[in-house]
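Chains as they are written, first to last, in this note's numbering: chain A, 1 to 311; chain B, 312 to 622; chain C, 623 to 933; chain D, 934 to 1244; chain E, 1245 to 1555; chain F, 1556 to 1866.
Even for Gly, the Cβ is constructed at its ideal location relative to N, Cα and C.
Number of protein chains: 6
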Amino acid sequence: TPPSLREAKLLAARLLLGRVRKSFNVPPSAEFVARPVGICSMLRLPVRASAEGLDAAFVGVPLDTGRGAIRAESAMVRRHNASTGAAPFDSLLVADVGDVNVNLYNLPASCRLIREAFQKIVASGCVPLTLGGDHTITYPILQAVAEKHGPVGLVHVDAHTDTGDRALGEKIYHGTPFRRCVDEGLLDCSRVVQIGIRGSSYAPDPYKYCREQGFRVVLAEDCWFKSLVPLMAEVRQQMGAKPVYISFDIDGLDPAYAPGTGTPEIAGLTPSQVRGAHYLFSLCLSVGNTALLGANLLFEMLCVLPGVKTM
Amino acid sequence: TPPSLREAKLLAARLLLGRVRKSFNVPPSAEFVARPVGICSMLRLPVRASAEGLDAAFVGVPLDTGRGAIRAESAMVRRHNASTGAAPFDSLLVADVGDVNVNLYNLPASCRLIREAFQKIVASGCVPLTLGGDHTITYPILQAVAEKHGPVGLVHVDAHTDTGDRALGEKIYHGTPFRRCVDEGLLDCSRVVQIGIRGSSYAPDPYKYCREQGFRVVLAEDCWFKSLVPLMAEVRQQMGAKPVYISFDIDGLDPAYAPGTGTPEIAGLTPSQVRGAHYLFSLCLSVGNTALLGANLLFEMLCVLPGVKTM
Amino acid sequence: TPPSLREAKLLAARLLLGRVRKSFNVPPSAEFVARPVGICSMLRLPVRASAEGLDAAFVGVPLDTGRGAIRAESAMVRRHNASTGAAPFDSLLVADVGDVNVNLYNLPASCRLIREAFQKIVASGCVPLTLGGDHTITYPILQAVAEKHGPVGLVHVDAHTDTGDRALGEKIYHGTPFRRCVDEGLLDCSRVVQIGIRGSSYAPDPYKYCREQGFRVVLAEDCWFKSLVPLMAEVRQQMGAKPVYISFDIDGLDPAYAPGTGTPEIAGLTPSQVRGAHYLFSLCLSVGNTALLGANLLFEMLCVLPGVKTM
Amino acid sequence: TPPSLREAKLLAARLLLGRVRKSFNVPPSAEFVARPVGICSMLRLPVRASAEGLDAAFVGVPLDTGRGAIRAESAMVRRHNASTGAAPFDSLLVADVGDVNVNLYNLPASCRLIREAFQKIVASGCVPLTLGGDHTITYPILQAVAEKHGPVGLVHVDAHTDTGDRALGEKIYHGTPFRRCVDEGLLDCSRVVQIGIRGSSYAPDPYKYCREQGFRVVLAEDCWFKSLVPLMAEVRQQMGAKPVYISFDIDGLDPAYAPGTGTPEIAGLTPSQVRGAHYLFSLCLSVGNTALLGANLLFEMLCVLPGVKTM
Amino acid sequence: TPPSLREAKLLAARLLLGRVRKSFNVPPSAEFVARPVGICSMLRLPVRASAEGLDAAFVGVPLDTGRGAIRAESAMVRRHNASTGAAPFDSLLVADVGDVNVNLYNLPASCRLIREAFQKIVASGCVPLTLGGDHTITYPILQAVAEKHGPVGLVHVDAHTDTGDRALGEKIYHGTPFRRCVDEGLLDCSRVVQIGIRGSSYAPDPYKYCREQGFRVVLAEDCWFKSLVPLMAEVRQQMGAKPVYISFDIDGLDPAYAPGTGTPEIAGLTPSQVRGAHYLFSLCLSVGNTALLGANLLFEMLCVLPGVKTM
Amino acid sequence: TPPSLREAKLLAARLLLGRVRKSFNVPPSAEFVARPVGICSMLRLPVRASAEGLDAAFVGVPLDTGRGAIRAESAMVRRHNASTGAAPFDSLLVADVGDVNVNLYNLPASCRLIREAFQKIVASGCVPLTLGGDHTITYPILQAVAEKHGPVGLVHVDAHTDTGDRALGEKIYHGTPFRRCVDEGLLDCSRVVQIGIRGSSYAPDPYKYCREQGFRVVLAEDCWFKSLVPLMAEVRQQMGAKPVYISFDIDGLDPAYAPGTGTPEIAGLTPSQVRGAHYLFSLCLSVGNTALLGANLLFEMLCVLPGVKTM
């Protein structure tokens, strides 16, 4: 239960005066709580019914089956980022707000439910960190995001560009979200980068559409055998200070690292590439993902949100 | 947050006067909420920090790894018992109170933590329905139960009698809980039935101890090829109207039905035997178990708690 | 390539005169062909582009993922039914006609595609033996069947009655096909039997609708510990000589026998019950199913088609 | 190291005079040794290089991959048979004599190696309890057995009669061993019983050959829903006091209980049927099998060897 | 049914005159056909009874169990090679010709069956792309290939050189095929390269034989941490314009990428190494392999066949 | 049974005079023994009851479940190290001495049992190569080692430093062994290197303790994309000629290579890094590990023991 108006005012006043220390949610430490203990929320954080008052929120979108595994594996993630010193849980108020309801038998109806749920989260000023997929969900999420922020930049790690026009006659499915976003002006196309793209294709030149929109397409084969840190420095530059949405399809990684994907492509990125790369960012809005890698990558995204202190 | 004292008094008065209708927790129906949606609590019921005010509570004890799976599979269980008409969620206030903390590196310390947690639950008047194991946990739970209720009857479904004296020099482990309970007078030995017992043994006469205490030992081989309904009628008679603790070790079932157990024994009971049997009960205090079977059996136990109406 | 009109006439004349022996498709024998050899068609029968000219056809409907496994496991099924002496491949011309196309992103569109495909198969006089699911597919298949045969009888083995009205606002999904069939008059309700029904329910009386339509609902708990042969004799009587559709949802069986189902319910039927039962039939139109059990049950259905000789 | 001749003579004298107590091998008890401890021998018994001096010996034949699993699971089997009181390890000197060498690329060569190895074991007076398969191995084992004992009776639990004549032109493979045994006069055909037989078949009358030899073929469908104890009493009678070979193909059981078989057939026997049945025997020579069921069934066979005392 | 001689002549004439457009087989696009639809042929191409008239053919050799998985996973492979622009299905007539029959109980007999089947394929002028193993099959395939082309060059990716002399007394098994090929003069030894070789060995100098024949042996440890493109340029040079056979044992890759192999060796090649490498080729005859990697590598081999156009 | 004193003296004399050739244990070659044959000892070496007389011994410590798998997979390892020419089995007398007994219900009691067992092994002059874990076992092993050798150097490959102080109030568990070793002066802290360290942490500066002790901590991220050979040259230098203990926690590797670990961390080392690295050593005492990687790494450790000849 949120504080009464009077209590809230009092609290606000004290915060302004520096008299109180904001109280944060922190993942339990295995020093004091046995790791298997607890309801299976993300990082075992408290479950909240809404994003109201949160700085960042983990939120599930259950069109596929990955969220349960990500939440379960997230018990392995601890409070601090040992590489960067980031201490997100000492900087931001974070919780797990559960799952958005979806309609398993009607994809457009699901998209509407997702858009409405994210409109509320975004409106509250909370940054959503999304668990789930399939990648269809990016379309309604970006509708909600762009409604507040206008067209956003995009860093998109994936095996596929997801810019098809339609399949089996349908315009909405996991192969088309970014074409739909372009159609509706949700992306700042000069600030779109797609990384890890690979695989055989239906068309002879499958990247033509992306290049025509001004996207930068970085093929997986151009990433092999090397660190992505230099690339990410360029990307950082390109993104500038304006809002960026980060979308991570786990099949951007090689299937050896992320076997639980429905559309695997061989010869993908490695965790050391994507881990070494994305903490260069400091501005992001959301991210979608799967399992142990998912849990860790979501944690790393959290670590680079604006306002996260290092210790 | 619980109501203030004044609110509580008011509420109690209204309840007494029949002026208010108690508000219950109900598992979400797939008619309105997609089945995969939601934080993974038991039957997707609300998560509560304590058992205070609840009629019954699901509680996890994480000495082994089964709880996550039971909670996940419990999303398949629905609101009504179609066989008996029992409507537990329209009769009792039920929630998931999460997990008891344990000490993974010190079994006696875990037992102390479990006993203390169950003392609180039992003291509040709430009936605990326990998810977990291994079977060691029955010992501290029965300590808590007997502290309030005195020596209790026991219906124990298992492949093993769990009445060993010690192993590797230790008196507390999953093979000894009921011997420890007898040692401490926690059981009403004339009302103890062990069902499904089988397997090779360390001693030539492995059931001698049980029989000396007055337990009824029903071997699995005496259950083969037939319904357990007649047996359960006898057991019901034997238990009378006094408190009974129900302990269900999933290895009582044949490993074909419950492969995820650490101590499988071939030629066990079948789900139709245990399902057909245990809704004859109407008085129980707790029950321990694993996975889809676990979820369903826990639901059925809930269905026979005192006060559950049928519709 | 089918024979020319002239050749066909000649052939027909010869058949009438008993001068030629019809040529059949027969599963390869492991005596001559190594079992793993071959493109993975049902029973390794020839793959045909259409049902034209066939007496019976295996046909896949890929809304879920079971067909590949059924076709793979069907390599274990041999030419003769050792229990009954039935020799379907010496009596009927049978082939695998591949899969119906579906729309993975639009369930009503899938239903339209399935209905159209089965209209063609049924029109050709071929009996379809369907691999697949989920159970949504029964609705468009029965639309096609009833268009030719009028309302049909139904023998339905399942854990669930599948007669819900809607979920998440949708009228078409795997929980509603038989309600839709009743709505459209596709079933002869006095000849509908549902066997193996069980599990918890959303409504206090989940079988009310079925009984109101005149269906016979045989609960799993009424089948435990005994042969279903007497029941099936009654069912046979009830069905009479009129067309019957057989629908087999693999979750009618206990999850120990058929773990690969999305909606498992404990304490179900056993293979010896359903195997011992359904070769009492001699008139059926179709059947839907999964894996090794699926392959065998489809074979047994084939064995009781009209015209199958025994040897 | 075996005792010197002098020591042996002394020992023999003492044994005759009843002055010494024979020293046995006994599976370690979990009371004193943690269950996972130890090199993975059968029941964690000592490994011996030869069968010389043993009363019974576990021996592996690695044509397939089951032995490792049986030996691993056998750590769950304890010293006494709680059902019958049999105490084999207090009656017989038992050890694990490891595996027979085989030729993975030449089946007839493997048969020769197996036959020679079993000739040595049988010659030493030791009863072999064989782990392994595939079922081809029964042929060379019975060659060795019959060389010493003459034609033997056979109790054969299996889904298939294994009496084919040839496949792919070969006379020796897992579908033909008992035809080869008949060809060579290794079986006393009036004392052959095959139990659990089922499944589709290549020939219209697949049991004709067996019946012509005088075998009793007990179909699985004649065993459903009931205890096999009465059948086994008849079999016991039929076997009389002459040598019997017991051959247990794990696919005699339903695949739900024994999924790890290469030739599964649905609707098979249950562990309670075969467990309840075969301790009626008191004369056997060998037995082949797989995994937890395998470990337990081998233990039960051991329990009924001549000379086993009950306690 | 192939065209009649007259039709064929007519067709050939038209082809020569450029009057007809050759009709190709093309994998179905998920834009129009749902991905799971279809009989499980390689890339869902048409199944043909013979290689006659084909430019290239996928053919299975079922000595092990990988083909089903490769064909299933090949549904993920699409029509164009996005990296190189190759459009094999617009250049060559390709189909799946099913599996060669083998003799599971007699390896030399299998080799004879394989050789005869490949003699026919090679004679027809069709390039076989082989799915399967184990690696024994390379020996009879190379017998067939060399019969037509004379001694061929060899690019062999593998963890092992497969040049043993014999095992368990046998000269033919998966460890010896290339020694047998040398014995029979099937290889142009100055154009043999073996890549990815590693692991412990029976002999102190396990590569001695290979070097004595003039093979180039490239150890896996010399490939670690770098692209194989420079190596492949050298190999290309070495191979010249003469016929080359490509043999790919999936265990050349690290077990993390290809766990389904029977003889795993740690620290192997990565998919980015082999993918980045082998499209440098433009002349190949065949290739053996497993699963998703197998499907993709076979597609890439197809992409570099002579005559494949890029778009 | 060891030789008598007299025999031993005679043997020693002969050895000195070069008159006898020491007899070694050698893993069976698949040339003569089928690979699946044999009791599942490490590399199928003889099982010995004690380390007495051995130069090196494989020994299991069963606190977790990996040993069975390592011993099973070790059948893939052959006699010679093809990379370095090392021939350990022609240089040292090696055997498998089975498992140390542990107390599964009492971790400090297990530590005592382990320490006592290793004291005996170390006292006999035999080098133990340990299979098992969890990592708690390093503490009692180093107690035994340091009792004989004094404080030793340490090369520690792991994702975690394992230098926590306590968890759940306990000082002994798998997160604390090296802190306990420092507490008791078992390590020569100036010769301690920890490699592969990574992951989120409970404390803001998780490596502070290690650095304060003088340990060198090499983060995984500093190892990405490159060979560890230069690092290992430095480490070799640092270790000097004094005793070194090598401790290898399999989670040092990326979970794609070693999924069977309880505490996975993404973005770890690769087998080519650790294989390429550690045969630079030539002095070690022990090593703990898991599965196929475990088997190979243990073999490589054996290859660099003092006294191993190359061929």
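Nearest CB-CB separation between residue 1199 (chain D) and chain C: below the 9 Å threshold.
Under the 9 Å criterion on CB atoms, residue 517 (chain B) is classed as interfacial with respect to chain D. Taking the C-beta atoms as reference points, residue 1673 (chain F) is found nearer than 9 Å to residue 1696 (chain F). Interface annotation for the segment 1773–1791 of chain F against chain E: 1780, 1781 and 1782, criterion Cβ-Cβ distance under 9 Å. At least 9 Å separates the CB of residue 1440 (chain E) from every CB of chain F.
Around the beta carbon of residue 1788 (chain F), fewer than 16 other beta carbons sit within 10 angstroms, so the residue counts as exposed. Excluding the 5 residues flanking it on each side, residue 660 (chain C) has same chain C-beta neighbours closer than 8 Å at 650, 666 and 697, in chain order. Per DSSP, the unbroken beta strand (DSSP E) holding residue 678 (chain C) starts and ends at 678–684.
Along the segment 478–499 of chain B, going in chain order, the ones with a CB nearer than 8 Å to a CB of chain F are 478, 479, 480, 481, 483 and 484.
Taking a contact as a CB-CB distance under 8 Å, the pair residue 1358 (chain E) and residue 1346 (chain E) counts as one, their CB atoms being some 7 Å apart.
Contact between residue 865 (chain C) and residue 775 (chain C) holds: their C-beta atoms lie close to 7 Å from each other, under 8 Å.
Using a Cβ distance threshold of 9 Å, residue 920 (chain C) and residue 664 (chain C) count as a contacting pair. In this structure, residue 1773 (chain F) and residue 1737 (chain F) do not form a Cβ contact; the two beta carbons are roughly 18 Å apart against a cut-off of 8 Å. C-alpha of residue 956 (chain D) to C-alpha of residue 515 (chain B): approximately 18 Å in a straight line. Between residue 267 (chain A) and residue 1515 (chain E) the beta-carbon gap is near 4 Å, inside 8 Å, which marks them as a contact. Using beta-carbon distances, residue 678 (chain C) does not count as an interface residue toward chain E, since no partner is under 9 Å. Here residue 1767 (chain F) is exposed: its Cβ has fewer than 16 other Cβ atoms, across all protein chains shown, within 10 Å. Interface annotation, residue 1240 (chain D): not in contact with chain B, CB-CB separation never under 9 Å. Between residue 240 (chain A) and residue 1458 (chain E), the alpha-carbon positions lie close to 58 Å from each other.
In chain order, 39 make up the part of chain A whose C-beta sits under 9 Å from the C-beta of residue 407 (chain B).
Rounded to the nearest angstrom, the gap between the Cα atoms of residue 1333 (chain E) and residue 1546 (chain E) is 9 Å. Taking a Cβ-Cβ threshold of 9 Å, the residues of chain F close to residue 271 (chain A) are 1809, 1810, 1811, 1821, 1822 and 1823, in chain order. Sorting A:265, A:275 and A:273 by C-alpha distance to the C-alpha of residue 1519 (chain E) places A:265 at the top. In the DSSP assignment, residue 1489 (chain E) falls outside any alpha helix (DSSP H) and lies within the beta strand (DSSP E) extending over 1488–1492. Under the three-state reduction of DSSP output, residue 1019 (chain D) falls in the strand class.
When secondary structure is reduced to three states using DSSP, residue 576 (chain B) falls in the coil class, being assigned neither helix nor strand. Straight-line spacing of the CA atoms in residue 162 (chain A) and residue 1322 (chain E) works out to 15 Å. Under a criterion of Cβ atoms nearer than 8 Å, the residues of chain E adjacent to residue 1040 (chain D) are, in order, 1349 and 1350. Going by beta carbons, residue 436 (chain B) and residue 360 (chain B) fall outside the 9 Å limit.
Exclusion of the five residues before and after residue 374 (chain B) leaves 413, 421, 443, 444, 445, 447 and 448 as the residues of its chain whose Cβ lies within less than 7 Å of its Cβ.
For residue 586 (chain B), at least one C-beta of chain C is nearer than 9 Å to its own C-beta.
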